[in-house]
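These notes concern the structure reproduced below.
Number of protein chains: 2
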Amino acid sequence: MNGANEGVSFDVARSDDATGARAGVLRTPHSTVETPVFMPVGTQATVKALSPADLDECGCSVVLANTYHLHLRPGDGLVAEAGGLHAFESWNKSILTDSGGFQVFSLRDISKITEDGVWFQSYIDGSKHFFSPERSVEIQRNLGADIIMMFDECPPARAGERAIAAAVDRTLRWAARCRDTHASVPPRHGFTQALFAIVQGGTSKELRKRCAGELAALDMPGYAIGGLAVGESAPEMYDIAGYTCGLLPGDRPRYLMGVGTPQNILECIGLGVDMFDCVLPTRNARNGTAFSWNGTVHIRNARHTRDFGRGIDSACGCYACRNFSRAYLKHLFCAGEILSLRLLTLHNVYFYMELVRKARENIMAGTFSSFRAETLNRMKAGESGEETDGKAPNDRTT
Amino acid sequence: MNGANEGVSFDVARSDDATGARAGVLRTPHSTVETPVFMPVGTQATVKALSPADLDECGCSVVLANTYHLHLRPGDGLVAEAGGLHAFESWNKSILTDSGGFQVFSLRDISKITEDGVWFQSYIDGSKHFFSPERSVEIQRNLGADIIMMFDECPPARAGERAIAAAVDRTLRWAARCRDTHASVPPRHGFTQALFAIVQGGTSKELRKRCAGELAALDMPGYAIGGLAVGESAPEMYDIAGYTCGLLPGDRPRYLMGVGTPQNILECIGLGVDMFDCVLPTRNARNGTAFSWNGTVHIRNARHTRDFGRGIDSACGCYACRNFSRAYLKHLFCAGEILSLRLLTLHNVYFYMELVRKARENIMAGTFSSFRAETLNRMKAGESGEETDGKAPNDRTT
Chain A
19 MNGANEGVSF DVARSDDATG ARAGVLRTPH STVETPVFMP VGTQATVKAL SPADLDECGC
79 SVVLANTYHL HLRPGDGLVA EAGGLHAFES WNKSILTDSG GFQVFSLRDI SKITEDGVWF
139 QSYIDGSKHF FSPERSVEIQ RNLGADIIMM FDECPPARAG ERAIAAAVDR TLRWAARCRD
199 THASVPPRHG FTQALFAIVQ GGTSKELRKR CAGELAALDM PGYAIGGLAV GESAPEMYDI
259 AGYTCGLLPG DRPRYLMGVG TPQNILECIG LGVDMFDCVL PTRNARNGTA FSWNGTVHIR
319 NARHTRDFGR GIDSACGCYA CRNFSRAYLK HLFCAGEILS LRLLTLHNVY FYMELVRKAR
379 ENIMAGTFSS FRAETLNRMK AGESGEETDG KAPNDRTT
Chain B
19 MNGANEGVSF DVARSDDATG ARAGVLRTPH STVETPVFMP VGTQATVKAL SPADLDECGC
79 SVVLANTYHL HLRPGDGLVA EAGGLHAFES WNKSILTDSG GFQVFSLRDI SKITEDGVWF
139 QSYIDGSKHF FSPERSVEIQ RNLGADIIMM FDECPPARAG ERAIAAAVDR TLRWAARCRD
199 THASVPPRHG FTQALFAIVQ GGTSKELRKR CAGELAALDM PGYAIGGLAV GESAPEMYDI
259 AGYTCGLLPG DRPRYLMGVG TPQNILECIG LGVDMFDCVL PTRNARNGTA FSWNGTVHIR
319 NARHTRDFGR GIDSACGCYA CRNFSRAYLK HLFCAGEILS LRLLTLHNVY FYMELVRKAR
379 ENIMAGTFSS FRAETLNRMK AGESGEETDG KAPNDRTT
């Protein structure tokens, strides 16, 4: 165990020579998580369209849940009565909850922000609610995730330097309050919850440095990079993510919040990020977009109408790819069948898990750099070559 | 094999002494089906919200598909190119297609009926289509189900005796045309398809007798009872179903189309019906209604909000009941989560399969009559007793 409050342990199994990438092992009260890891988003106590058995099949070892949504419905008190999120959603591996900060700050127009915390209205029934560092930790105690996050101030995408600096200051003051509440309010569900800090600072290296430095002094068991993937360019995002990774203690897991595309994830693994979450694989599935080693596949596209010979990705071993042709998936999607949402979601989550699993395999083998280059090239060629994998349409043998 | 054109064989393993119930074995080119059997409806080449693996888990050995819907989308020609429905939807057990008659006759306002057949407009794009006995059999050849149905005239629910008599006459003339087409147009997918006849006649015993008698002379491998469950009372339905069963050859399977509730199914098994299909378990699931041995469970009901200790049915072994509380299912449903539709559908289909499986077990044991009485009583008590199973809410041990 390491860091204030403990709850998790983290070991770096291998650091890549050529890049910042590292392969690690994160142990939580509920599972052993090999990093780099992708965490599917289970906003309302389920990953949309997937069952726990589906997540197992995808090889998921940790999923996210959203404090904001669960506080409003069904209520964190109810989840606590159910025995916490693990019992409630019947998931026996790890869970991470965010703090609710991202959501309430994105509702600026209907919320009131003070030093004490944030008042906001429920999007469900208009009722008034209050989040603060203390409340967020208490709510996350009720929910009972393995990893819980500090309540931070998330400035809007296009905030000026002064606003971002103020957000860093407040995030640092709130971090101390989160840590104190975590120390004084005991866990409710019989195991230690690890509290991770979040580095803010927008695209300013100076602010990132100050924020990371002060948070590192708190000796937390894990560190997140927040405030990225909110509208800045990809090169800016990589620049700041890589810079911030370098500021964080090397023996703690680094979690880049809300990122991203398969390409983003590969690049950021190379910068030293260990943990990712993003709604892309699940949300895009519901819009008919599948990810693959050869780029994205838009399943509604007319070219799939008679493509009986292959699934989404010839190289994929998921239930959807093992059993169903693109023609069938297109039919299901166009006919509005629920099964299509599940199969595309299952595929996308499986693909993201394979992506990080193979990245780890290559880090361990010392081949991450070439793996990353080849994978990015293949995806790029697939995008421009309209998703062809260079094989005859009827070849499903590989 | 028995009956014109063969395709299936059917043996009665045991006939009940006290009722008309019988336990049988129906062998098709793709599976052995123990009867009585329930066939989930897979209108658009999928049972809504379920995968083939889910259907396997429920113990399904035969599913329905709708000729009308598949002809319009994706088109029976496309399904034929895919290798037929089994290959297209990745289902390796039996499939039964209806003839499309029920749908096109229910669209009377936008269709034109002649002795030759029925012209109708697509509900998808307004395009014009023509179904006739010949076309229906040809389309069902393309789709490639194990069991296909004759194109019959389905009179409206409240048609007068004269209209029903005319429908019987036409159904008989069309039956000969279906049989001839089936004899002259070969199967497309490498196995023999069994063509079942459909007895019409509304609630008139005289008409049912004439229709059943003439169809029996065709020596088909199976017989369906159509034109019931279209608005008549339950006692009328039972009266006619039982009467018609008595008119049909004892060595052929009897299929009551579109029936019904768990109670309907138990009663009709007692009257001699071997095969059932109905949208109730799947459609009601999507409306938040689950079936159980103790009556229906309306999952949105406030009483389930904190019911953490039991699933839908303490006696059920399905994935949903093994893993999820009513409180969680209610949350998922109220939050609009796709997973709730799947879990409720999975449960309902599993329950229907258990119902017919247990009915068969009791027929074989000579105890069907008391099983039926006890099950009907228990369901009735559950309905009036607000779905309680008489156990403490936290008891999931049985």
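In order, the protein sequences belong to chains A and B.
Heads up, our numbering is the position in the first sequence plus 18, with the first residue counted as 1.
Heads up, our numbering is the position in the second sequence plus 18, with the first residue counted as 1.
Backbone N, C-alpha and C fix where the C-beta goes; we use that ideal spot for every residue, glycine too.
Can you tell me whether residue i is buried or exposed? The criterion is at least 16 other CB atoms within 10 Å of its CB, across all chains shown.
i, result
"D295 (chain B)", "buried"
"N110 (chain B)", "exposed"
"D127 (chain A)", "exposed"
"I142 (chain A)", "exposed"
"R318 (chain A)", "exposed"
"N160 (chain A)", "buried"
"V203 (chain B)", "exposed"
"A410 (chain A)", "Unreliable placement is indicated for A410 (chain A), whose pLDDT of 32 sits below 50; the coordinate value is still reported in the next sentence. Classification for A410 (chain A): exposed."
"N380 (chain A)", "buried"
"R390 (chain B)", "buried"
"N302 (chain B)", "buried"
"K398 (chain A)", "exposed"
"D134 (chain A)", "exposed"
"A175 (chain A)", "exposed"
"D29 (chain B)", "exposed"
"A320 (chain B)", "exposed"
"T132 (chain B)", "exposed"
"D72 (chain A)", "buried"
"R340 (chain A)", "exposed"
Rounded to a whole number of angstroms, what is the C-alpha to C-alpha distance between residue i and residue j?
i, j, result
"I243 (chain A)", "C76 (chain A)", "26 Å"
"A276 (chain B)", "S117 (chain B)", "The displayed chain sequence assigns Gly, not Ala, to residue 276 (chain B). The straight-line gap from Cα to Cα measures roughly 13 Å."
"C286 (chain B)", "L225 (chain B)", "20 Å"
"F326 (chain B)", "T307 (chain B)", "18 Å"
"K66 (chain B)", "F56 (chain B)", "16 Å"
"R328 (chain A)", "Y346 (chain A)", "10 Å"
"W311 (chain A)", "A177 (chain B)", "59 Å"
"P70 (chain B)", "S108 (chain B)", "7 Å"
"G278 (chain A)", "A247 (chain A)", "8 Å"
"V43 (chain B)", "D34 (chain B)", "15 Å"
"T416 (chain B)", "E392 (chain B)", "Confidence at T416 (chain B) is low in this model, with a pLDDT of 29, below 50, so its placement is unreliable and no value can be given for it."
"C352 (chain B)", "T323 (chain B)", "10 Å"
"G288 (chain A)", "S343 (chain B)", "42 Å"
"A81 (chain A)", "P58 (chain A)", "In the sequence on display, residue 81 (chain A) carries Val and not Ala. Straight-line Cα distance between these residues: approximately 5 Å."
"Y368 (chain A)", "F309 (chain A)", "10 Å"
"G335 (chain A)", "I356 (chain A)", "21 Å"
Thinking C-beta only, is residue j closer than 8 Å to residue i?
i, j, result
"I182 (chain B)", "G219 (chain B)", "yes"
"R272 (chain A)", "G249 (chain A)", "no"
"I216 (chain A)", "M255 (chain A)", "no"
"T53 (chain B)", "M382 (chain B)", "no"
"R195 (chain A)", "E152 (chain A)", "yes"
"S112 (chain B)", "S79 (chain B)", "yes"
"A185 (chain B)", "L236 (chain B)", "no"
"L373 (chain B)", "I258 (chain B)", "no"
"R360 (chain B)", "R360 (chain A)", "yes"
"R188 (chain A)", "A98 (chain A)", "no"
"L364 (chain A)", "L68 (chain A)", "yes"
Closer than 7 Å: is that where the CB of residue i sits relative to any heavy atom of the ligand SAH?
i, result
"A234 (chain B)", "No copy of the ligand SAH appears in this structure; indeed no ligand is present at all."
Ends of the alpha helix (DSSP H) at residue i?
i, result
"W192 (chain A)", "179-202"
"R417 (chain B)", "The question about residue 417 (chain B) has no answer here: the residues shown for chain B are numbered 19 through 416."
"F106 (chain B)", "103-107"
"K227 (chain A)", "223-234"
"I287 (chain A)", "280-288"
"V277 (chain A)", "That residue, V277 (chain A), is in no alpha helix (DSSP H); it is neither H nor E in DSSP."
"I330 (chain B)", "I330 (chain B) -> no alpha helix (DSSP H), and no H or E assigned at all."
"A71 (chain B)", "70-76"
Look up residue i in the DSSP assignment and give the residues it is bridged to.
i, result
"D295 (chain B)", "B:M57"
"H316 (chain B)", "B:T307"
"Y241 (chain A)", "A:A215, A:R272"
"R340 (chain A)", "DSSP lists no partner for R340 (chain A)."
"L82 (chain B)", "B:V59, B:L114"
"V136 (chain B)", "B:I131, B:F149"
"R45 (chain B)", "B:S27, B:T50"
"M167 (chain A)", "A:F214"
What span of residues does the beta strand (DSSP E) with residue i cover, start to end?
i, result
"D29 (chain B)", "27-33"
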